[in-house]
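Report on the following structure.
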Amino acid sequence: YLSQVLRTYRGNISKSAQHAGINIKNFHEKMARYGLKKEAFK
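Under the working numbering, the residues of the sequence shown are numbered 440 to 481, in order.
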């Protein structure tokens, strides 16, 4: 789900987190947990 949201917002963490309904800190933690890098979605 996170990768889909990041793809939709082209790696924009703020917009992706808002869309997912979680705060930015938690979004960053989930990205790290799953090995996702924002650069991969730009």
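Just so it is clear, CB atoms sit at the ideal spot from N, CA and C, and this is done for glycine as well. Note that the structure is a prediction, hence the values are computed from the model and not measured.
Counted within 10 angstroms of its Cβ, other Cβ atoms place residue i as buried (16 or more) or exposed
| i | result |
| --- | --- |
| residue 456 | buried |
Same chain only: Cβ atoms within 8 angstroms of residue i, ignoring 5 sequence neighbours per side
| i | result |
| --- | --- |
| residue 446 | 480 |
Same chain only: Cβ atoms within 6 angstroms of residue i, ignoring 5 sequence neighbours per side
| i | result |
| --- | --- |
| residue 458 | 444 |
| residue 460 | none |
| residue 450 | 477, 480 and 481 |
Contacting residues, own chain, Cβ-Cβ under 7 angstroms from residue i (five flanking each side not counted)
| i | result |
| --- | --- |
| residue 463 | 452, 453 and 456 |
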